[in-house]
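**Q**
In our numbering, the protein residues as written are -3 to 613.
1. Is the region 66 to 81 touching the region 89 to 96, taking contact as three or more C-beta pairs under 8 Å?
2. What residue from 237, 586, 456 has the CA that sits closest to residue 270's CA?
3. How is residue 324 classed by DSSP in three states: helix, strand or coil?
4. If residue 374 and residue 340 are in contact, beta carbons under 8 Å, what's the gap, nearest whole angstrom?
5. Considering just the uninterrupted stretch of the alpha helix (DSSP H) at residue 489, what are its terminal residues?
6. Who are residue 93's beta bridge partners in DSSP?
7. Would you tell me roughly how many angstroms separate the C-alpha atoms of residue 262 and residue 244, rounded to the nearest one?
8. In chain order, what are the residue ranges of uninterrupted alpha helix (DSSP H) at least 4 long that sit wholly in the region 394 to 472?
9. For residue 548, name the three-state secondary structure that DSSP assigns.
10. Since residue 37 contacts residue 135 with CB under 8 Å, what's their CB separation in whole angstroms?
11. CA-CA distance, residue 337 and residue 317?
12. Among the candidates 593, 390, 311, 495, whose CA atom is the shortest distance from the CA of residue 419?
13. Would you mind working out which of 116, 169, 63, 176 sits nearest residue 125, comparing C-alpha positions?
14. Please classify residue 504: does DSSP put it in a helix, a strand, or coil?
15. Taking the continuous beta strand (DSSP E) assigned at residue 366, which residues delimit it?
16. What is the DSSP secondary structure of residue 202, reduced to helix, strand or coil?
17. Excluding sequence positions up to five away, which residues of its chain have a Cβ less than 6 Å from the Cβ of residue 17?
18. In the DSSP assignment, what are the bridge partners of residue 232?
19. Report the residue from 457, 183, 273, 205 whose alpha carbon sits nearest the alpha carbon of residue 283.
20. Please report the distance separating the alpha-carbon of residue 615 from that of residue 454.
21. Name the DSSP beta bridge partners of residue 310, please?
22. Could you pull out every residue in the same chain whose Cβ sits closer than 6 Å to the Cβ of residue 441, ignoring the five residues on either side in sequence?
23. Going by DSSP, what residue range makes up the alpha helix (DSSP H) through residue 125?
24. Taking the alpha-carbon positions, what's the residue 292 to residue 29 distance?
25. Determine, using beta carbons only, whether residue 106 and residue 77 come nearer to each other than 7 Å.
26. Please name the residue or residues paired with residue 479 in a DSSP beta bridge.
27. Who are the Cβ neighbours of residue 214 in its own chain at under 8 Å, not counting the five residues just before and after it?
28. Should residue 170 and residue 254 be called a contact, given that it needs their Cβ atoms to be closer than 7 Å?
29. Can you tell me whether residue 39 is buried or exposed? The criterion is at least 16 other CB atoms within 10 Å of its CB, across all chains shown.
30. Mapping DSSP to helix, strand and coil, what is residue 115?
31. Between 466, 464, 439, 434, which lies nearest to residue 457 when the distance is taken from Cα to Cα?
32. Among all the DSSP beta bridges, which residues are the ones paired with residue 361?
33. So who's on the other strand from residue 280, going by DSSP bridges?
34. What does the alpha-carbon distance come out to for the pair residue 123 and residue 140?
35. Assuming contact is defined by CB atoms lying nearer than 7 Å, are residue 540 and residue 567 in contact in what I supplied?
36. Nearest-angstrom Cα distance between residue 606 and residue 591?
Have a look at this one:
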């Protein structure tokens, strides 16, 4: 969010000639800090208050400055943040004071307060306050008592928590095309089905604002902000050019949706550039319209030069696409998170099949390792039975993980493995998928978790499943070394929470059971002994029954499964299917058994959970 170099408080110190406007009685009644004042005291206080209007992004008070004024929000919304930290601590809404503790204590501002939309506040400077308190001691006494009560019941009077759900949404055009009015109207109707929502456009502004009201006035801000108290959502439709109304729309918005036709010229226009100046990336989304559902290509040209929370593909002949966008905005989008686990990941297919049969519709998918590969197939639109057949083709028919090589870079021949993946995932970019998708890999160059959200889908699947030693790492063009994402986050529910609000169905496997390995360590052969064993098949003595390299690696990776539990939220649904006995993490030839067992288990589990009314369902 963009703010002035100096706070409004600093600027006002140098303007002694501010006109004091008469403050309405109901505006003071709405402020708890002034509610206990006698009527005569309230009148005296109102005579000393000044009305100050701010534009979105203006800093009202800055951390470290002298607290020489008390502010009360009349209309609008403000954020509280510490300098040097991007995180918003809380928000302040109508009727709430700003900086009253530091003001009464005579200290410095402890945080920076910024207008989140065009707002109006009341200001009482210290000189006027002290003169007023000297004449009317009851004012100081009432304010002190109220402040003490607020501090005693801090859990009741703390500033509003930062709301992840946007209340005001601006629709602006994206790229060179014009706004598609039927989409905007249908989008507003979707909101109106479940909420009290209004769509405001420039030509109907006279129905909302009193006659003669100037759009840039404090009165206009009062009226527009007041709509939030009577509506769940206020949708603003900008004009096609950067007019005063379009600017006002963007300044009022918690979220800006830039809507464009996918085939149009994608260069960001003036409205998008203003939105990028005023709103952070996580408050801006790109909506790309298509005439019908078909294979999408070339979305990367729209994403170049834009930093966004997410982009969404909408087929104008598919109402469910608009419903999905609504859920992302409303904070109710349903996610599907799949863990890694080698051949066990065939169970994801059976669970997904059961969830579809139970009527669930997923808005975004993602996973790690084998779970990333499965959710990639789901996001491509593949049916569960088709995914099962593809697993058989890759791992059974073509033995993708059975062709060994000289162990210079890996144990397996990655070229053969890569060819099998390319047959199913090749030639597709993640950003062109109709369903948003991500996979995670472990970046050994930066020692961080890498999220694949754009680019070649095959590369994302290859990287997230790069089991160390079995396969060589996947090396990116900019020099990063990526290996199996399960090493750092086997159940990437935290990544999903970073992308959206709302519930998720999370699939995890139990860690390998406690098991004792009756292996005579001294009997493990040396290199020479092993070569002799290979060279003399008729004189072989049985090798020790110890797990192979692949099994040890997969068991090690799955050992971190408990880390995800601290990232779960109350509306997340965790499904942990029981695994049939006798199946190992590399037994891909048992994929159908795993799928069928997980499918039947999930159907029973869903029937049980529906009876308990779980939030995700």
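Just so you know, even glycine gets a beta-carbon here, dropped at the ideal spot from N, CA and C.
All of these numbers come straight from a predicted model, not from anything done at the bench.
**A** Put simply:
1. Taking a cut-off of 8 Å on C-beta distances, the region 66 to 81 touches the region 89 to 96, as three or more cross pairs fall below it.
2. When C-alpha distances from residue 270 are compared across 237, 586, 456, the shortest belongs to 237.
3. In the structure shown, the three-state DSSP call for residue 324 is helix.
4. Their Cβ separation, rounded to whole angstroms, is 17 Å, which puts residue 374 and residue 340 out of contact at 8 Å.
5. Taken as a continuous stretch (DSSP letters only), the alpha helix (DSSP H) holding residue 489 covers 489 to 495.
6. Paired residues: 68.
7. Going from the Cα of residue 262 to the Cα of residue 244 covers about 24 Å.
8. Entirely contained in the region 394 to 472, the alpha helix (DSSP H) runs reaching 4 residues are, in chain order, 410 to 421, 453 to 460.
9. It is helical.
10. About 5 Å separates the beta carbon of residue 37 from that of residue 135, a gap short enough to meet the 8 Å contact definition.
11. When rounded, the distance between both Cα atoms is 32 Å.
12. With distances taken between CA atoms, residue 419 lies nearest to 390 out of 593, 390, 311, 495.
13. Per the Cα distances, 63.
14. For residue 504, the secondary structure class from DSSP, reduced to helix, strand or coil, is coil.
15. Per DSSP, residue 366 belongs to no beta strand (DSSP E); it is in the alpha helix (DSSP H), 366 to 375.
16. Reduced to three states, the DSSP call for residue 202 is helix.
17. Because residue 17 sits at a pLDDT of 46, beneath the cut-off of 50, its placement in the model cannot be relied upon, and the point is left open.
18. Beta-bridge analysis with DSSP links residue 232 to 166, 196.
19. For the residues 457, 183, 273, 205, the minimum Cα distance to residue 283 belongs to 183.
20. Not covered by the structure: residue 615. The range shown for the chain is -3 to 613.
21. 285.
22. Counting only Cβ-Cβ distances below 6 Å, and skipping sequence neighbours, we find 476, 477.
23. It spans 122 to 131 - the alpha helix (DSSP H) in which residue 125 sits, taken as one unbroken run.
24. If you take the alpha carbons of residue 292 and residue 29, they lie about 57 Å apart.
25. No, the Cβ-Cβ distance between residue 106 and residue 77 is not below 7 Å.
26. According to DSSP, which records beta bridges pairwise, residue 479 is partnered with 438.
27. These residues qualify, in order along the chain: 47, 49, 116.
28. In contact: residue 170 and residue 254 (Cβ atoms closer than 7 Å).
29. Residue 39 should be labelled exposed.
30. Strand at residue 115.
31. The residue with the shortest Cα to Cα distance from residue 457 is 434.
32. According to DSSP, residue 361 shares a beta bridge with 332, 433.
33. The beta-bridge partner set that DSSP reports for residue 280 consists of 252.
34. Residue 123 and residue 140 have their C-alpha atoms spaced approximately 18 Å apart.
35. No. Outside cutoff.
36. Residue 606 and residue 591: Cα-Cα distance of roughly 22 Å.
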